[in-house]
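> The UniProt record's numbering numbers the first residue of the sequence shown as 1 and each following residue consecutively.
Using N, Cα and C, we set each Cβ at its ideal position, and we do this for glycine too.
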Amino acid sequence: MELTHVDSKGGYTTAERVQRALASSRQRLASFVDVIVPVHWNTSQYIAEYLIGTPPQRAEALIDTGSDLIWTQCSNCKQCVKQGLPLYNASKSDTFHSVSCNDTLCLANQEHSCRRDGSCHFGAFYGAGDASGTIDTEVFAFQNGSARLTFGCVDSLFISPGSLDEASGLIGLGRGPLSLVSQAGASKFSYCHTPYLGSNATTGASSHLFVGASASLSGGSPVMSMSFVQGPKEYPFYYVPLVGISVGQTRLSIPPTVFALKENGTSGGVVIDSGSPTTALAEKAYEPLREELQRQLNGSLVPPPADSEMDLCVAVAQEKKVPSMVLHFSGGADMVLPPENYWVPLDSSTSCMVMEISNDMSIIGNFQLQNIHLLYDLAKDELSFQTADCSKL
1 MELTHVDSKG GYTTAERVQR ALASSRQRLA SFVDVIVPVH WNTSQYIAEY
51 LIGTPPQRAE ALIDTGSDLI WTQCSNCKQC VKQGLPLYNA SKSDTFHSVS
101 CNDTLCLANQ EHSCRRDGSC HFGAFYGAGD ASGTIDTEVF AFQNGSARLT
151 FGCVDSLFIS PGSLDEASGL IGLGRGPLSL VSQAGASKFS YCHTPYLGSN
201 ATTGASSHLF VGASASLSGG SPVMSMSFVQ GPKEYPFYYV PLVGISVGQT
251 RLSIPPTVFA LKENGTSGGV VIDSGSPTTA LAEKAYEPLR EELQRQLNGS
301 LVPPPADSEM DLCVAVAQEK KVPSMVLHFS GGADMVLPPE NYWVPLDSST
351 SCMVMEISND MSIIGNFQLQ NIHLLYDLAK DELSFQTADC SKL
């Protein structure tokens, strides 16, 4: 008996076949459009908890709006990094299935090729390093249910030390076809990060990633909304329309072009990235910010601790003099960052600004988004947010 793919006679392009395959997968996931994932703060990143395989094996992952693929380090890893839990062992799971290199699920990953055994090899590239392995499928269990998902089983990982914060891998939430959001067939997701520091946090508190129907903003504080900026289709990023910054009552003199995505879409722009611990501003935005803070804090500034690589610092006793910062987005959406969202005590005597300078693209990272509930509505192509006590969500 000869078996042919259902789409083989349809004259579809590769991209169309991928979309049809994923649409079929979404139909199978029809009962799984509401995902709730516990998320906790570790030492430098927010970590999601889930189970993988049958019988289930524990795993943890960074949630990353700046990439697509879900992946975990696997037990056959030749070059991997330390993680807090045992490596996922596919040979011990009854529900693990490999994906062939001519399968549409393999083609859905931007970097793919055939291994000698016919399995699908993938490559994923990040600012902190590279991951590679095989594209496979497996049963994932979250707080409120389980489903079969396509994922990367990583057997080689070259990444900056500490980037994974001892997690097992990543859960991609980007715009691509293999992200958790796309595979779940969801049109929205939300998350809310609890504070980094114990002095500002509820002891032992965790928050959640919500995907699908459970993703929403609650009553209480005002909701601000903005439309996403359209970026290149091949990029998974969520670009946002940042147009200005205020420090205290002073609006900084920053030309709007500093935050604009360049015409060819390959440089500039501002992305909101849950995989980046801190915010990095383009040089022509960072320098006015630095100058204004120097002016307002004036005599309160002290030298940064040795080898800290920090820029602006004050004595801990002077922290109350640090002004709030406001990120202004088009349409009137203003995100107020209290001092604790961009200033942190490094030791018992010195507190410093937690922002970096970037050569080109600006990135809004996690530290600046503590206790801000973010809702990504992909149907409306809109980002909404409100201040919240994330430990209570």
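Please report the straight-line C-alpha distance between P140 and C313, rounded to a whole angstrom.
This sequence places Phe at residue 140; Pro is not what is there. Cα to Cα, F140 sits roughly 44 Å from C313.
> Less than 7 Å between C-beta atoms, sequence neighbours within five positions excluded: which residues of the same chain meet that for Q79?
These residues qualify, in order along the chain: S156, L157, F158.
> Quick one: using the 10 Å Cβ neighbour count with 16 as the cut-off for buried, is E138 buried or exposed?
By the 10 Å Cβ count, E138 comes out buried.
> Only counting the same chain, and skipping five residues up and downstream in sequence, which positions put a Cβ closer than 6 Å to that of A124?
Result list for A124: L69, A131, in chain order.
> Whole angstroms are fine: how far does the CA of K321 sit from the CA of L297?
For L297 and K321, the distance between alpha carbons rounds to 7 Å.
> Which of the three DSSP states is assigned to F96 in this structure?
F96 falls in the coil class under three-state DSSP.
> Let me confirm a value: N341 is counted as buried when at least 16 other C-beta atoms fall within 10 Å, else exposed. Which label applies?
By the neighbour-count rule (16 or more Cβ atoms within 10 Å), N341 is buried.
> Between Y274 and Y196, is the Cβ-Cβ spacing less than 8 Å?
Sequence inspection shows Ser at residue 274; the Tyr mentioned does not correspond to that position. Not in contact: S274 and Y196 (Cβ atoms no closer than 8 Å).
> Can you tell me whether H97 is buried or exposed, with buried defined as 16 or more other CB within 10 angstroms of its CB?
Exposed: under 16 other Cβ atoms inside 10 Å.
> In three-state terms, what does DSSP make of K188?
K188 falls in the strand class under three-state DSSP.
> Less than 8 Å between the CB atoms is what I'm expecting for N366 and E283, so what's the real figure, rounded?
That belief does not hold up - the Cβ atoms of N366 and E283 are roughly 22 Å apart, past 8 Å.
> Does the beta-carbon distance from residue 476 to A213 come in below 8 Å?
What is shown of the chain runs 1 to 393, which leaves residue 476 out entirely.
> Given L289, which residues of its chain have a CB within under 7 Å of its CB, disregarding the five upstream and five downstream residues?
Result list for L289: I245, V247, L252, L281, in chain order.
> Classify R115 as buried or exposed, calling it buried when 16 or more other Cβ atoms lie within 10 Å of its own Cβ.
R115 should be labelled exposed.
> Please confirm whether W71 and G129 have their CB atoms less than 8 Å apart.
No; because the gap between Cβ atoms is not below 8 Å, this pair is not in contact.
> Looking only at its own chain, which residues have a Cβ that is under 8 Å from the Cβ of V165, when we skip the five neighbours before and after it?
Per the sequence shown, residue 165 should be read as Asp rather than Val. These residues qualify, in order along the chain: N42, T43, S44, Q45, I47, L62.
> In this structure, does DSSP put R295 in helix, strand or coil?
DSSP places R295 in helix when its eight states are reduced to three.
> Suppose you measure from the CA of D136 to the CA of D347; what does that come to, to the nearest Å?
In a straight line, the C-alpha of D136 is about 45 Å away from that of D347.
> Using 8 Å as the threshold, is the C-beta distance between A379 and S187 below it?
Taking 8 Å as the Cβ cut-off, A379 and S187 qualify as a contacting pair.
> Could you give the distance in angstroms between the alpha-carbon of I171 and the alpha-carbon of D64?
So the alpha carbons of these two residues sit roughly 6 Å apart.
> Grouping DSSP H, G and I as helix and E and B as strand, with all else coil, what is R58?
Reduced to three states, the DSSP call for R58 is strand.
> Does Y376 pass the burial test, meaning 16 or more other C-beta atoms within 10 Å, or should it be called exposed?
Y376 comes out buried.
> Out of curiosity, what's the CA-to-CA distance linking I254 and A285?
Whole-angstrom Cα-Cα distance: 6 Å.
> Quick check on F237: does DSSP put it in helix, strand or coil?
Residue state, collapsed to three classes: coil.
> If we ignore side chains and look at the alpha-carbon of each, how far apart do I363 and A90 end up?
Taking the straight line joining both Cα atoms gives about 36 Å.
> I'd like the span of the alpha helix (DSSP H) that includes C106, first residue to last.
Counting along the chain, the alpha helix (DSSP H) containing C106 begins and ends at 104-107.
> Let's test the definition: count the other Cβ atoms within 10 Å of the Cβ of P86 and tell me whether it reaches 16, buried, or not, exposed.
When all chains shown are included, P86 counts as exposed.
> Considering only residues of the same chain and omitting the five flanking positions on each side of M310, which have a CB-CB separation below 6 Å?
Here the set comprises P304, C352.
> Which of the three DSSP states is assigned to A128 in this structure?
Note: A128 maps to coil in three-state DSSP.
> Along the chain, where does the beta strand (DSSP E) that runs through Q73 open and close?
Run containing Q73: 71-73, per the beta strand (DSSP E) assignment.
> Helix, strand or coil for Y286 per DSSP?
Helix at Y286.
> Using 8 Å for Cβ pairs, my map puts M224 next to F385. What's the rounded Cβ distance?
With a Cβ gap of about 6 Å, M224 and F385 count as contacting.
> With distances taken Cα to Cα, identify the nearest neighbour of P177 among F237, P339, D94, L327.
Answer by Cα proximity: F237.
> On the DSSP letters alone, give me the boundaries of the alpha helix (DSSP H) that L180 sits inside.
L180 -> alpha helix (DSSP H) spans 180-183.
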